[in-house]
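Q:
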Amino acid sequence: MSVLLQQLANGVVQGALIALIALGYTMVYGIIQLINFAHGEVFMVSSYGGLATFTLLPDDLKKSPAVALPLMFVGGIVIAVIVAVIMERFAYRPLRNAPRLAPLITALGVSVFLQEAVRVWYPNAKSNLPYPKVFPEGSLTLGTINVPWTGVLLVVLSVGLSVILQTYVNKSRMGRAMRATAQDPDTAKLMGVNPDRVIVLTFVFGAVLAGVAGIMFGGYLNNINIDMGFQNGIFAFTAAVLGGVGSIRGAVIGAFIIGLIKTLAGQYMPGGTQYDYVWIFVVLILVLVFRPQGLFGEPERVRA
Amino acid sequence: MSTSTVSTPAAAPPVEQRSALAPLGKPFAAVGGVLGIVAALLPWVTFGLKDGNWPDKSTLQFFDAPFAVTGFRWHVLLLGVLILVAAFAPVPSKGRVVRALGWGLAVVSFINGAYITVKGGGLGAITALDGDVAFGSIVGLVGGVLAILAGYGIGIELPGQWKVKLSTPVAYLVLLVSFAAVLYAVAAMLTTGGVGTSNPYAGAIFLSFLGFAGGVLAALSGVGFIRWLSVLSEEHRVFSVIVLAACALLLPFTEAGNEYWMTVAANIGIYAATAIGLNIVVGLAGLLDLGYVAFMGIGALVAANFSGAATAHFGITLPFPVAAVIAGVVAGIFGAIVGSPTLRVRGDYLAIVTLAFGEIFTRSAQNDIGGITNGSNAIPGIPPLSLFGAEFNKSFSIGAVKLPAGVLYYILIVLLVAATMAVFANLKFSRIGRAWIAIREDEDAARAMGIQTGKKKILAFLIGATLAGLAGAVFAHKNGTVSYESFKFMESVTLLAAVILGGMGSIPGAVLGAALLFVLPEKLREFEEYRLMIFGLALIVIMRFRPQGLIPDRHRRAELADEDVGGVPVDEVHEVPKEAKA
Amino acid sequence: MRKHSVKSAAIVGAALLVLAACGSNKDEAGGNNGGSCDTSKGTLTVGVVAPLSGNLSALGIGIKQSAELAVEEANKKCTVKGYKLTVSAQDDEANPAKGAQAATKLSTDPNVVGVVGTLNSSVAQTVQPILRDKKIPQVSPANTNPTLTRGNDFLTAPKRQFDNYFRVCTTDDLQGPYAANYLVEKAGKKNIAIITDGKTYGEGLAAELSKQVAKKGGKIVGSEKVGEKDTDFSGVISKIKALNPEAVYYGGEYPVAGPLSKQMASAGLNVPLMGGDGIFDPKFIELGGKEGDLATSVGAPTESLATAKAFVDAYKAKFGKEDYAAYGAFSYDAANAIIGALAATLSSGDWSDAKRDDMLTNVGKYSGSGATGEVKFDQYGDSTNKVLTVYQVTSGKWKDVQTGTFSG
Amino acid sequence: MSTPVLEARDVSMVFGGLKALKGVTLTLDEGKIVGLIGPNGAGKTTFFNCLTGLYQPTTGQVLLKGKELPGDPAHVTKAGVARTFQNIRLFPSMTVLENVLVGRHSRMKQGPLASLFHGPAYQRGERAARERSRELLAFVGLNNLDDELSRNLPYGDQRRLEIARALATDPAVLLLDEPTAGMNPQETEATQQLIFRIRETGVSVVVIEHDIKFIFGLCDSVSVLVQGELLVEGSPETVRADPRVVEAYLGKPPEEVQHDVEAAAASAEEEQA
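Residue numbers (the UniProt record's numbering), protein chains in the order written: chain A, 1 to 304; chain B, 1 to 582; chain C, 1 to 408; chain D, 1 to 273.
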């Protein structure tokens with residue numbers, strides 16, 4: 001029993017991280033139907049951005065987490081946003097009217113490029129880098145369950161930010177413009193919505209969330225590497241699809257499902273941790289076969 | 001091509017750039033051309049470099065014999081002369097041609113200049129140092145830029161259209177000469193900079209050559225020659241195919257006929273055959289597949305297990321053709337299984353199903369599922385193929401001509417690629433192929449035409465996977481070992497990139513795409529750890545300037561005439577990717 | 001004019017790339033830089049095949065640079081009379097097919113006298129036959145899979161696989177059991193859990209370890225796997241924790257092992273983590289390796305070995321950093337074995353293809369004292385250096401706790 | 001009385017809570033042209049989708065020559081019901097000839113193996129299909145445009161190509177969804193002649209159209225659909241005279257109604273999902 005509860009807790013924390021990244025995938029896909037494979041790298045870059053910010057701080061500031069930590073968040077998020085905006089402006093925007101698969105290849109190219117750029121140009125990034133210890137130490141212990149405080153913070157941030165995002169998209173003027181553009185860009189344009197601005201903003205939101213995820217990743221796991229974006233990006237994309245691309249709620253729930261499958265399948269399914277990934281993808285395929293639009297996606301109506 | 005005669009009202013007018021440059025067009029071209037010629041005769045480096053002289057004696061020592069112009073200086077000279085010719089002779093689409101040649105000149109000058117700067121340790125190497133002056137690269141670059149501006153000044157018009165009709169024998173002759181030139185160009189491209197590890201400047205020489213070749217090709221395309229040739233070769237399709245195949249088989253007899261390039265070419269061929277299979281799925285049926293390399297892996301595993309390797313799971317050794325057929329069939333069955341969710345899942349959702357399948361495959365292979373993959377130890381020691389006692393990995397002689405090792409693999413793979421091309425072409429121009437394209441274009445309309453879309457999509461997966469399985473069987477024997485590490489996500493991405501880079505639905509495109517994605521990294525070995533980064537950047541740049549691929553399918557090429565993608569004229573692609581690769 | 005700006009941006013970007021790509025390769029003007037040695041007979045090349053790009057490049061670059069160091073020292077000392085030596089490093093991207101191309105490229109160069117590499121055993125499998133056909137010796141600094149030298153039945157019926165293949169590192173069937181003996185007999189840990197990363201190195205090590213643990217009366221309580229690119233191991237740790245192991249053996253390398261050890265501690269699983277030479281690296285501790293963690297490594301402790309210290313100092317002097325990584329010292333020894341054999345081969349005449357047989361024999365007969373201890377090969381091409389040391393993290397540093405040879 | 005060629009019995013369609021069709025019945029006798037009119041959102045296209053198997057009617061059945069139609073567009077087409085679309089849906093990057101050849105798909109026999117090897121039987125079938133396709137193109141008046149991409153055709157030609165493509169399936173019944181939308185009077189007139197000629201070849205036709213004048217000049221019988229319900233059915237004269245029809249069209253006489261409809265035509269897309 002205690003193992004089950006502990007594994008549930010582990011799964012929730014893993015899901016929380018994936019959720020923050022998955023939101024970026026789902027929003028971008030919802031608006032321009034692009035699988036932005038490079039989004040995972042935005043997450044990775046933000047982590048290095050946060051680390052760089054810390055490294056550049058004067059020594060006395062490094063010692064006070066209350067100052068250093070917020071600055072790291074700012075640094076990481078700013079880098080993530082800059083990368084995302086440049087990426088949208090110079091890589092994706094020129095391809096808006098290109099054949100459908102062209103931007104996908106661009107996304108893969110951006111992904112490879114960002115990963116390699118960090119590897120080659122960030123000092124010592126060829127192997128894992130330890131993350132500074134500015135995060136709260138210790139763990140939350142509830143009975144037999146043990147979750148590091150950073151993990152708790154990750155879950156709180158993930159859920160909190162996705163609720164805020166959901167509210168913003170549903171309630172605000174810009175949020176309405178986003179939904180309008182997602183449904184019908186041409187009509188939205190006629191109604192005075194500037195699609196370029198909406199799309200950039202979508203990328204920015206995704207980058208901010210990925211930035212938060214990047215810093216929290218470093219804090220929670222104490223070290224970062226250039227591969228972190230790719231693997232978590234694949235999971236996040238899977239989560240977005242599982243939940244129904246375009247749906248904010250779906251992405252978050254999909255992410256938690258993936259986190260839980262990974263820990264629970266590793267614990268209880270035959271083959272154990274050897275096949276935990278396999279179970280994630282098996283569930284994904286089953287969901288898609290029986291509910292092709294994902295758990296919370298809009299069903300696609302035949303047009304005629 | 002008749003597309004320019006009929007166009008929808010929405011079509012954008014050709015981009016006209018009649019700017020302030022207009023009156024300066026010809027003078028700029030003249031100066032640019034002359035500067036190019038002068039640059040070729042100027043010294044490029046102020047001193048000898050540590051690794052040996054910059055190619056073709058570009059240092060001051062060269063002035064012992066200043067008119068023996070070779071190598072990249074020969075290219076610079078040629079480009080300079082061509083710019084002058086293009087500017088003052090009656091050439092169709094003059095501005096375009098001058099601009100293309102200008103880009104070639106600028107790129108060649110820039111690459112050599114940049115390399116000398118870096119290798120020589122500073123700008124002194126290409127300017128003045130210790131009383132010596134060497135401004136060749138700067139003069140060349142200025143000349144190139146002037147010619148580009150001149151091109152805009154003269155005005156960028158649509159490429160020339162040639163209406164010349166040839167009698168069949170003359171057409172055959174033209175095609176023969178052209179394809180022979182292609183063969184020569186390919187061999188030259190492969191061997192520039194030397195083989196092996198001897199030349200420290202091989203990467204630079206290669207890039208410089210690409211700049212030259214790109215400039216000349218773009219100029220030919222601007223004149224309209226390329227389009228004319230492609231129409232001609234479509235008219236005489238059978239003859240073209242025979243000549244091309246003959247050229248491919250002649251490659252081992254050229255300078256590139258050494259073991260190394262035979263190995264690389266054989267690998268390219270294996271991936272090209274796989275890419276053509278993927279092209280059926282992605283290019284024709286429009287189904288995005290992100291886990292395609294798994295089918296190749298399945299084929300390779302099947303062949304490995306029947307090969308008699310020490311760790312093969314089944315105690316049976318089958319002759320290669322039988323094993324290959326089984327490999328194809330098994331891969332095909334898996335293809336149909338993976339494709340079956342298409343009955344319910346649409347579009348990008350299918351992409352993730354295929355991605356999931358790819359991940360499941362690698363993970364299962366890594367864990368030695370069913371004892372057939374030998375897990376992380378892989379299946380090594382797969383014997384090379386042999387036929388009539390000739391082992392495929394040994395060198396081979398025809399009479400007095402000794403061919404390099406690996407040539408038999410090369411020939412086998414050329415035949416494999418030819419066969420997959422034939423399969424692809426026959427299917428594409430058939431009832432089935434039309435159904436696939438219809439599904440790609442509009443699935444509901446296709447169903448309303450009586451096409452059972454689900455079945456046809458599964459068929460696409462099945463055939464594509466079968467081809468990949470066959471290629472995988474050859475792969476197993478060629479490489480001698482089958483490890484899950486050869487079939488990871490990145491490989492699927494590379495294959496997809498090959499298809500899209502070459503042009504979806506286009507056969508030569510898939511081959512060219514595979515060739516580029518495998519030759520470039522080989523040629524850029526000098527850059528070692530920068531290779532992947534350059535690869536990523538190249539993908540971005542090529543998609544930016546040529547989203548429809550390098551050799552678009554006939555249909556898609558026509559689309560292009562109407563659509564001004566991203567506001568960039570279509571032809572610019574020829575030059576632009578080159579700098580990015582630098 | 002938008003497109004012009006895009007173009008110029010592309011050019012500037014490309015220019016920066018080119019400059020950055022070669023920025024470290026500054027050469028001053030000057031002619032032949034052969035030093036004081038006689039290099040009149042030309043240049044011979046030591047090939048390197050290792051992953052120089054991608055996620056294993058840290059290890060690959062360590063291999064390459066250590067080989068360069070060995071070559072540079074040989075050039076300075078005029079080890080090979082009449083020739084200048086260079087290194088030609090080829091990227092295999094940790095991909096067997098790419099490795100084959102890299103090996104073919106080296107093998108077509110008549111001046112390549114030997115190859116240092118590969119990192120991955122799976123890549124070695126494609127490289128071995130290509131180099132064998134050209135009689136080029138291959139000395140691997142890092143392949144630990146015993147089948148590469150002794151075939152599939154390496155324990156019961158060893159049989160030499162490739163007469164051109166040697167390695168200076170130890171094999172899984174020594175290192176794994178040695179660790180098992182230490183854990184069960186010396187440290188008294190009977191219940192051991194295994195985690196691997198699923199790759200050849202870690203899997204082989206763990207498999208050999210678990211056989212020996214059973215032999216010595218210990219028990220493998222659980223065997224789990226983490227993904228190659230996983231970062232959050234909480235699921236695996238919770239699962240293992242419930243099995244109450246007294247120690248965890250990790251088959252894999254330090255980039256995963258360090259964080260894994262740290263996460264074990266924060267999840268309340270306070271037992272030592274042990275691994276092979278893949279985790280014996282200061283970075284392991286930096287990334288979260290905790291007090292009491294263990295590692296085995298080949299040879300006697302570095303402090304007791306003057307050659308090892310000399311290597312580290314020379315490396316630092318040449319490259320300014322200590323990024324030789326896990327296999328740098330092995331690579332240095334491998335290159336020196338090739339160079340030494342070459343010197344012996346050329347004592348009886350100039351380099352030519354006919355010398356290749358001598359070269360192979362001489363590598364087989366090579367004997368020297370390297371950065372990892374004695375470098376010598378047995379009849380299968382394996383290193384005869386069977387000395388192994390167990391290290392433990394003590395006050396934030398690796399400290400040797402036991403040195404010996406594996407004896408069943 | 002002979003069996004009608006196409007018969008829809010009591011067809012209803014519910015989307016979530018929305019009742020798009022409420023028990024619509026329609027009968028088409030062989031060699032006739034039936035018109036289907038009604039205001040926007042009346043469910044005309046939904047009804048077509050039910051007839052062609054694109055939607056599964058919630059209740060009711062559709063019979064072709066007395067036999068129930070299968071619930072799948074591909075099989076419906078093979079059984080002999082072909083259609084065009086309200087907003088033209090050609091295969092834009094295929095050529096004109098290829099578009100029509102796709103229409104021949106269900107009447108050709110070549111399987112994957114034959115397509116792979118291009119044997120003599122395959123060649124014969126392919127030649128026959130091409131011949132038939134060219135005939136049909138000539139029939140609708142698209143000569144010498146075989147190799148043009150369909151996306152490059154002028155609007156009116158695209159409509160005609162879509163009809164040729166539908167005819168290539170050798171249908172017994174042809175369903176035309178607003179075949180004259182966006183056409184000028186000359187083109188509309190030509191389309192009317194074309195539909196008469198199609199009837200002469202033995203194909204029965206159902207037409208959806210907003211242009212009431214066009215419908216009354218063309219059809220043997222007209223059905224009026226309002227809010228998913230069949231309001232009136234009968235000869236053009238009866239329908240024209242029926243006060244409920246006038247009322248349904250906002251209580252205005254037909255001429256004005258037609259004007260309104262045309263004005264609204266630009267934004268008349270909400271019917272399609």
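By construction, the Cβ of each residue, glycine as well, lies at the ideal position given by its N, Cα and C atoms. Values in this document were obtained by computation on a predicted structure and should not be read as measured data.
In its own chain, which residues sit with a C-beta less than 6 Å from the C-beta of A/Leu108, not counting the 5 before and 5 after it?
A: The count along the first sequence starts at 1 and reaches residue 108 of chain A at position 108. Contacts found: Phe37.
Q: Determine the DSSP secondary structure at C/Glu72, reduced to helix, strand or coil.
A: One-based indexing of the third sequence puts residue 72 of chain C at position 72. DSSP places C/Glu72 in helix when its eight states are reduced to three.
Q: I'd like the list of long-range same chain contacts for C/Cys22, defined as Cβ closer than 6 Å, with 5 residues on each side in sequence excluded.
A: The residue labelled residue 22 of chain C in the question sits at position 22 within the third sequence. Because the pLDDT at C/Cys22 is just 40, under 50, the model does not fix this residue reliably, and the value given afterwards should be weighed accordingly. Same-chain partners within the cutoff: there are none.
Q: Quick one: does B/Arg344 have its CB under 9 Å from some CB of chain D?
A: Within the second sequence, numbered from 1, the residue matching residue 344 of chain B stands at position 344. No, B/Arg344 does not count as interfacial toward chain D.
Q: Would you mind working out which of B/Met189, B/Leu284 and B/Leu232 sits nearest B/Gly211, comparing C-alpha positions?
A: Here residue 211 of chain B refers to the residue found at position 211 of the second sequence. If we check each option's Cα against that of B/Gly211, B/Met189 comes out closest.
Q: Assuming B/Leu301 contacts B/Asp289 under a Cβ cut-off of 8 Å, what Cβ separation, rounded to an integer in Å, is found between them?
A: On the second sequence, position 301 is the one that residue 301 of chain B refers to. On the second sequence, position 289 is the one that residue 289 of chain B refers to. That belief does not hold up - the Cβ atoms of B/Leu301 and B/Asp289 are roughly 19 Å apart, past 8 Å.
Q: Note down, in chain order, each residue of its chain lying with its Cβ closer than 7 Å to the Cβ of C/Ile130, except the 5 sequence neighbours on either side.
A: Here residue 130 of chain C corresponds to residue number 130 of the third sequence, with the count starting at 1. Here the set comprises Ala100, Ala103, Thr104 and Ser107.
Q: Report yes if the C-beta distance between C/Leu294 and C/Tyr391 is below 9 Å; otherwise report no.
A: Residue mapping note: residue 294 of chain C aligns to position 294 of the third sequence, counting from 1. Residue mapping note: residue 391 of chain C aligns to position 391 of the third sequence, counting from 1. In this structure, C/Tyr391 lies closer than 9 Å to C/Leu294 by Cβ.
Q: Kindly indicate the opening and closing residues of the beta strand (DSSP E) around C/Lys399.
A: For the purposes of this step, residue 399 of chain C is taken as residue 399 along the third sequence, with counting starting at 1. Taken as a continuous stretch (DSSP letters only), the beta strand (DSSP E) holding C/Lys399 covers Lys397 to Thr405.
Q: What three-state label does DSSP hand C/Ala29 in the structure shown?
A: Walking along the third sequence from the start, residue 29 of chain C turns up at place 29. The pLDDT assigned to C/Ala29 is 37, lower than 50, so where the model puts this residue is not dependable; a value taken from the coordinates is nonetheless given after this. Correct three-state label for C/Ala29: coil.
Q: Is the CB of B/Gly433 under 9 Å away from at least one CB in chain D?
A: Against the second sequence, residue 433 of chain B aligns to sequence position 433. Output row for B/Gly433: interface = yes.
Q: Touching or not, the region 449-457 of chain B and the region 56-71 of chain C, by the rule of three or more beta carbon pairs under 8 Å?
A: Because the criterion of three Cβ pairs below 8 Å is not met, the region 449-457 of chain B and the region 56-71 of chain C do not touch.
Q: Between which two residues does the beta strand (DSSP E) containing D/Glu229 stretch?
A: Locating residue 229 of chain D in the fourth sequence gives position 229, where the first residue counts as 1. It spans Glu229 to Gly234 - the beta strand (DSSP E) in which D/Glu229 sits, taken as one unbroken run.
Q: How many Å lie between B/Trp436 and B/Leu459 at the Cα?
A: Looking up residue 436 of chain B in the second sequence gives position 436. Looking up residue 459 of chain B in the second sequence gives position 459. Taking the straight line from one Cα to the other gives about 10 Å.
Q: In terms of alpha-carbon separation, which member of B/Leu532, B/Asn305, B/Gly144 and B/Asn479 lies closest to B/Ser109?
A: Here the question's residue 109 of chain B lines up with position 109 in the second sequence. B/Ser109 has its Cα closest to that of B/Gly144, out of B/Leu532, B/Asn305, B/Gly144 and B/Asn479.
Q: Terminal residues of the continuous alpha helix (DSSP H) containing A/Ala107?
A: In the first sequence, residue 107 of chain A corresponds to position 107, counting from 1. Residues Ala102 to Trp121.
Q: Within the continuous alpha helix (DSSP H) that includes C/Arg150, where are the two ends?
A: For the purposes of this step, residue 150 of chain C is identified with residue 150 of the third sequence, where counting begins at 1. That run of the alpha helix (DSSP H) goes Thr147 to Arg150.
Q: Expressed to the nearest angstrom, what Euclidean distance is found between the alpha-carbon atoms of B/Gln161 and B/Ala473?
A: The residue labelled residue 161 of chain B in the question sits at position 161 within the second sequence. The residue labelled residue 473 of chain B in the question sits at position 473 within the second sequence. Straight-line Cα distance between these residues: approximately 45 Å.
Q: Looking only at its chain, what residues have a beta carbon closer than 8 Å to the beta carbon of B/Glu235, apart from the 5 residues adjacent to it on each side?
A: In the second sequence, residue 235 of chain B corresponds to position 235, counting from 1. Result list for B/Glu235: Ala171, in chain order.
Q: By the criterion of Cβ-Cβ separation under 9 Å, what are the contact partners of B/Asp289 in chain D?
A: Residue 289 of chain B sits at position 289 when you count from the first residue of the second sequence. Within chain D, no residue comes near B/Asp289; the closest Cβ sits about 19 Å away, beyond 9 Å.
Q: Shorter than 9 Å from the beta carbon of A/Tyr220 to some beta carbon of chain C?
A: Within the first sequence, residue 220 of chain A is the residue found at index 220, counting from 1. By this cut-off, A/Tyr220 is an interface position.
Q: Give the secondary structure of C/Lys84 by DSSP, where H, G and I count as helix, E and B as strand, and everything else as coil.
A: Translated into positions along the third sequence, residue 84 of chain C becomes position 84. Looking at C/Lys84 - three-state DSSP - the assignment turns out to be strand.
Q: Using the DSSP secondary-structure output, state which residues sit across from A/Tyr268 in a beta bridge.
A: Here the question's residue 268 of chain A lines up with position 268 in the first sequence. Answer is none; A/Tyr268 lacks a bridge partner.
Q: What does the alpha-carbon distance come out to for the pair C/Ser348 and B/Ser137?
A: Translated into the one-based positions of the third sequence, residue 348 of chain C becomes position 348. Translated into the one-based positions of the second sequence, residue 137 of chain B becomes position 137. So the two alpha carbons sit approximately 48 Å from each other.
Q: Taking only the alpha-carbon atoms, compute the straight-line gap between C/Ala247 and C/Phe284 and give it to the nearest angstrom.
A: The sequence position of residue 247 of chain C within the third sequence is 247, counting from 1. The sequence position of residue 284 of chain C within the third sequence is 284, counting from 1. Approximately 17 Å, taken between the alpha carbons.
Q: Relative to the alpha-carbon of B/Ile116, which residue among B/His75, B/Trp54 and B/Lys94 has its alpha-carbon at the smallest distance?
A: Here residue 116 of chain B refers to the residue found at position 116 of the second sequence. B/Ile116 has its Cα closest to that of B/Trp54, out of B/His75, B/Trp54 and B/Lys94.
Q: Grouping DSSP H, G and I as helix and E and B as strand, with all else coil, what is C/Ser24?
A: Position 24 of the third sequence, counted from the first residue, corresponds to residue 24 of chain C. Unreliable positioning characterises C/Ser24 in this predicted model, as indicated by a pLDDT of 32, which lies under 50. A coordinate reading is not provided.
Q: When the Cα atoms are used, what is the spatial distance from D/Ser235 to D/Ser93?
A: Position 235 of the fourth sequence holds residue 235 of chain D. Position 93 of the fourth sequence holds residue 93 of chain D. Approximately 42 Å, taken between the alpha carbons.
Q: According to a CB-to-CB cut-off of less than 8 Å, which residues of the region 38-61 of chain C neighbour chain B?
A: Answer set for the region 38-61 of chain C: Thr45, Gly47, Leu52, Ser53, Gly54, Ser57 and Ile61.
Q: Check whether the Cβ of D/Lys78 lies closer than 9 Å to any Cβ atom in chain B.
A: Working through the fourth sequence from its first residue, we reach residue 78 of chain D at position 78. Taking Cβ atoms only, chain B reaches closer than 9 Å to D/Lys78, which makes this a yes.
Q: Could you pull the start and end residues of the alpha helix (DSSP H) that A/Asn170 belongs to?
A: What you label residue 170 of chain A is simply residue 170 of the first sequence in a count that begins at 1. Trp149 to Lys171 is the span of the alpha helix (DSSP H), which, as asked, contains A/Asn170.
Q: Taking three-plus beta-carbon pairs below 8 Å as touching, is the region 169-177 of chain D in contact with the region 196-203 of chain D?
A: Yes, the region 169-177 of chain D is in contact with the region 196-203 of chain D.
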